[in-house]
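Visitor: Residues 1085 to 1563 (our numbering) make up the sequence shown, in order.
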Amino acid sequence: MNQETKKAVRQISKCTIKPHTVSEESKQPHHLTPWDLAMFNLNYIQKGLLFKKPLPSSEDPNPTIAFIDQLKHSLSITLTHFYPLSGRLVTTQQQDPPFYAIYLDCSDDSVGAEFIHASAVELSMMDILTPIDVPRIVQSFFALEGAISHDGHTEPLLVVQVTELLDGIFVGCTFNHVVGDGTSYWKFFNSFAEITRKLRTTTSKEAGDHHHFDCSISHPPITKRLFLEGHEDTPLVNLPYSHHKEFISRHEPPPLRERMFHFTAESIARLKAKANEECDGKHIQISSFQALSALVWKSITRARNFPSGKKTSCKLAINNRQRMNPPLSENYFGNCIYAVSGTTTSGEVIKNGIGRTALLLHEAVKEHADEKIRGLADEWMKKPVIFQAAQFVDDSTVMMGSSPRFDMYGCNFGLGKAVAARSGYANKFDGKVSSYPGLTGTGSVMLEVCLPPETMSALESDEEFMDAVSPHEIHLIHL
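1) Do alanine 1204 and phenylalanine 1471 have their CB atoms nearer than 8 Å?
2) Return the residue from the list Arg1309, Val1469 and Glu1544 that minimises the CA-CA distance to histidine 1383.
3) Are valine 1533 and valine 1517 touching if we call contact CB-CB under 8 Å?
4) With H, G and I counted as helix, E and B as strand and the rest as coil, what does DSSP make of glutamine 1087?
5) Excluding the five sequence neighbours on either side, which residues of its own chain have a C-beta within less than 8 Å of the C-beta of glycine 1405, listed in chain order?
6) Exposed or buried, which one is isoleucine 1558 when buried takes at least 16 other CB atoms within 10 Å?
7) For cysteine 1363 versus leucine 1443, is the C-beta distance shorter than 8 Å?
8) Quick one: grab the DSSP three-state call for aspartate 1462.
9) If I'm right that phenylalanine 1497 touches valine 1263 with Cβ under 8 Å, what's the distance once you round it to whole angstroms?
10) Let me make sure I understand the geometry here. Which of Leu1228, Met1483, Glu1108 and Leu1460 has the alpha-carbon closest to that of alanine 1197?
11) Any chance you could list the beta strand (DSSP E) runs of at least 3 consecutive residues sitting entirely within the stretch 1099 to 1166, in chain order?
12) Grab me the residues of serine 1208's own chain with a C-beta within less than 8 Å of its C-beta, minus the 5 sequence neighbours each way, in chain order.
13) Count the other C-beta atoms from every protein chain shown that fall within 10 angstroms of the C-beta of glycine 1459, then say buried if there are 16 or more, exposed otherwise.
14) Identify whether isoleucine 1200 lies in helix, strand or coil by the three-state DSSP scheme.
15) Which residues mark the beginning and the end of the beta strand (DSSP E) in which lysine 1467 is found?
16) Would you give the residue range spanned by the alpha helix (DSSP H) that glutamate 1548 belongs to?
17) Can you tell me the Cα-Cα spacing of glutamate 1548 and glutamate 1361, whole angstroms?
18) Nearest chain B C-beta to lysine 1308 closer than 8 Å, yes or no?
19) Could you compute how far the alpha carbon of isoleucine 1457 sits from the alpha carbon of isoleucine 1402?
20) Count the other CB atoms within 10 Å of the CB of proline 1391; is the residue buried (16 or more) or exposed (fewer)?
21) Does the distance from the CB of alanine 1092 to the CB of isoleucine 1221 come in under 8 Å?
22) By how many angstroms is the C-alpha of threonine 1148 removed from the C-alpha of serine 1141?
23) Does the beta-carbon distance from threonine 1105 to threonine 1164 come in below 8 Å?
24) Whole angstroms are fine: how far does the CA of leucine 1134 sit from the CA of glycine 1500?
25) Can at least three beta-carbon pairs, one atom from the stretch 1521 to 1541 and one from the stretch 1337 to 1347, be found at a separation below 8 Å?
26) Rounded to whole angstroms, what's the CA-CA distance from proline 1181 to serine 1326? Just pull it up for me.
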């Protein structure tokens, strides 16, 4: 972050928020699954929403301050449901016999989540939305820049930062990736919004009396961790280490450009039809997202200008919950994801139509079913391994993360529909592509693409790619 960015965003206050009530369940050690433990080297998840600032009135001359007070109260209530976010990571170890394990402890009454009120009132929403690239200052709308999830031993597992703009309010969360994945993040964010919305429609007396205020949420999280058959009796996993230096690594990304590309439902439908036409006779159905991912993979590979024989891959972050038998509830709060991959050569990706490329992704997704998921979990338990940045950070890889299915614009804090969704510093590298719901309704998709400047310039000159992209003015549609 440069000095100008630091000056533009000023911290007004910071405080610790604890759960409104503490259950007996929350006081017990919270054991971590293989999917959780693998995440220690990943940055915290950083996602947030931009809203129009509420207008003052004679009844409420300073609505922003009132809103921030309501957020603090609602966060406390929300943490009662999502209590793992108020804890800290703890390492327990011994030398004879060797034992090294990490778990989540929520029993310390002195810790909790963090809440930051910040100001950037010289910035307008247009300053955020009109530039072609995402402005660097957006990264300062989030806390714990550069932190990895293992830092949750000493850092809060959740930090909510509310940044006032001239005409807008940005609500951003920094959320430890060991505690949960993107599905869990947006379940939390939606519940946080739901409680806030209720508070904004109640009297101050009702809001302050938890005996009368409705603290329930529409989709309560399932916080009990899933340990698959055969491993229920060993929830505290013995990791093959004696010190965190043996498995912790930090990734510093090179200079990147970050740009949002919007695709309408009609544009994606054309890509899907084209991909399936090119796969005619194979008795398969390429999905809309597989077709879009194939276009992105092909276009970025072409922009990178690799030798035709160089290997390239496209990884898709995939939710395991509904792929298991029986399916796991979407309200399961934790990590339950895996990355599947299609691999070929640069020359093949560029030469072939998007149908052939999408077929590689389709086959990888199709193979990722219950048996495969359980087999991978068993394999991990036999030989635990912590993900290293090098597994994802590769200049020949495209990594498709997040999901357009996440209910981002359904997060209603009582300020109306969000104007935009943006992310922070976290987990960005050459070829990282994050998917968001689009701005024009069901079926539209927004992609956040991170590339080195020269590669991004080449992508912007790629006719096949840009023909599918909406005009940049689409980003102002919700203003």
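C-beta atoms are modelled at their ideal positions from N, C-alpha and C, and glycine is treated no differently.
Guide: So, to answer that:
1) If you number the sequence shown from 1, residue 1204 lands on position 120. If you number the sequence shown from 1, residue 1471 lands on position 387. For alanine 1204 and phenylalanine 1471, no; Cβs fall outside 8 Å.
2) For this step, residue 1383 is matched to residue 299 along the sequence shown. Sequence check: residue 1383 is serine here, not histidine. Minimum Cα distance to serine 1383 is reached at Glu1544.
3) Residue numbering aside, residue 1533 sits at position 449 when the sequence shown is read from its first letter. Residue numbering aside, residue 1517 sits at position 433 when the sequence shown is read from its first letter. It is a contact, given that the beta carbons lie within the stated cut-off.
4) For the purposes of this step, residue 1087 is taken as the residue at position 3 of the sequence shown. The predicted position of glutamine 1087 is uncertain, since its pLDDT is 47 and thus under 50; no value can be drawn from it.
5) Walking along the sequence shown from the start, residue 1405 turns up at place 321. Just to set this straight, residue 1405 is arginine in the shown sequence, not glycine. Excluding residues within five positions, the ones whose Cβ falls inside 8 Å are Thr1267, Pro1411, Leu1412, Ser1413, Glu1414, Tyr1416 and Cys1420.
6) Taking the sequence shown and counting its residues from 1, one reaches residue 1558 at position 474. Result: buried.
7) Working through the sequence shown from its first residue, we reach residue 1363 at position 279. Working through the sequence shown from its first residue, we reach residue 1443 at position 359. Closer than 8 Å, so yes.
8) Indexing the sequence shown from 1 puts residue 1462 at position 378. Here aspartate 1462 sits in helix by DSSP.
9) Locating residue 1497 in the sequence shown gives position 413, counting from the first residue. Locating residue 1263 in the sequence shown gives position 179, counting from the first residue. The pair is not a contact, with the Cβ atoms about 22 Å apart (cut-off 8 Å).
10) Within the sequence shown, the letter at position 113 stands for residue 1197. Answer by Cα proximity: Leu1228.
11) 1129 to 1136
12) As a working note, residue 1208 is residue 124 in the sequence shown. Leu1249, Leu1250, Asp1251 and Gly1252, listed in sequence order.
13) Your numbering for residue 1459 matches position 375 in the sequence shown. Exposed: under 16 other Cβ atoms inside 10 Å.
14) Here residue 1200 refers to the residue found at position 116 of the sequence shown. Looking at isoleucine 1200 - three-state DSSP - the assignment turns out to be strand.
15) What you label residue 1467 is simply residue 383 of the sequence shown in a count that begins at 1. First-last for lysine 1467: undefined, no H or E at that position.
16) Looking up residue 1548 in the sequence shown gives position 464. That run of the alpha helix (DSSP H) goes 1547 to 1550.
17) Your numbering for residue 1548 matches position 464 in the sequence shown. Your numbering for residue 1361 matches position 277 in the sequence shown. If you take the alpha carbons of glutamate 1548 and glutamate 1361, they lie about 17 Å apart.
18) Protein chain content of the structure displayed is limited to a single chain, and chain B is not contained in it.
19) Residue 1457 sits at position 373 when you count from the first residue of the sequence shown. Residue 1402 sits at position 318 when you count from the first residue of the sequence shown. Looking at the two C-alpha atoms, the distance is approximately 11 Å.
20) Numbered from 1 along the sequence shown, position 307 holds the residue referred to as residue 1391. The residue in question, proline 1391, is exposed, as its Cβ has fewer than 16 Cβ neighbours within 10 Å.
21) Position 8 of the sequence shown, counting from 1, holds the residue named residue 1092. Position 137 of the sequence shown, counting from 1, holds the residue named residue 1221. Against a cut-off of 8 Å, the Cβ pair of isoleucine 1221 and alanine 1092 comes out as a contact.
22) The residue you call residue 1141 lines up with position 57 of the sequence shown. The residue you call residue 1148 lines up with position 64 of the sequence shown. One C-alpha to the other measures close to 11 Å.
23) Position 21 of the sequence shown holds residue 1105. Position 80 of the sequence shown holds residue 1164. In this structure, threonine 1164 lies closer than 8 Å to threonine 1105 by Cβ.
24) Position 416 of the sequence shown, counted from the start, is the residue given in the question as residue 1500. Position 50 of the sequence shown, counted from the start, is the residue given in the question as residue 1134. For glycine 1500 and leucine 1134, the distance between alpha carbons rounds to 11 Å.
25) yes
26) Along the sequence shown, one-based indexing puts residue 1181 at 97. Along the sequence shown, one-based indexing puts residue 1326 at 242. Cα-Cα distance, rounded: 12 Å.
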